[in-house]
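Below: the structure, in structure tokens.
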Amino acid sequence: MLRYDRSRYIALGLPALLNALALPLYAHQITTSGSSDEYAVPFYLIIALACGLFGVSAMIKRCRDIGSSAWGILLGFLFAPPLMLFVALVLIFAPSNPAADQLEAPALRPTFDIWFTGFLLLVSPWMPVLLVRAL
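Under numbering that gives the first Met the number 0, the letters of the sequence shown match residues 0 to 134, in that order.
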């Protein structure tokens with residue numbers, strides 16, 4: 000699928016972006032508190048990077064849906080990452096443009112399985128974190 004409508008972006012893109020933000024903050028908290036599982040911080044950062052890549056992919060697909068350039072998203076992540084948090088929120092409210100992408104038809108409304116996948120994207124990166132904390 001080359002484009003995400005607003006609800007599909009909220010269901011699939013935002014959980015990944017939230018995890019990409021929360022996991023490095025969690026890793027920073029571990030390193031500053033002197034916890035015994037500092038060895039796992041690189042593992043947390045790798046999971047955060049994977050979530051971030053999935054979130055960037057969702058942002059690019061949402062930009063295709065509104066008729067904006069995907070290059071702006073990629074350059075934004077290279078030169079102004081904090082600004083991209085604001086852009087991620089703006090993409091929630093931007094209206095779709097049905098004539099924006101002629102390569103494929105607009106996406107259908109997400110069903111329960113898309114929302115459930117979004118929930119799994121929100122929860123699943125924390126399962127290895129809990130496993131590592133238990134060890």
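Where is the CB? At the ideal position from N, CA and C, for every residue including glycine.
This one's a predicted model, so the numbers in the text were calculated from it and none came from an experiment.
- The three-state reading of DSSP puts Thr110 in coil, since its state is none of H, G, I, E or B.
- Residue burial is scored here from C-beta neighbours: Gly33 has fewer than 16 other C-beta atoms within 10 angstroms and is therefore classed as exposed.
- When DSSP states are grouped into helix, strand and coil, Gly33 belongs to the coil group.
- DSSP places Pro127 inside the alpha helix (DSSP H), whose first and last residues are 125-133.
- The closest CA to that of Ile72, considering only Ile65, Met83, Gly66, Asp64, is found on Met83.
- Between the C-alpha atoms of Tyr38 and Leu107 there is a straight-line separation of about 44 Å.
- Our two residues, Gly51 and Tyr3, have alpha carbons roughly 17 Å apart in a direct line.
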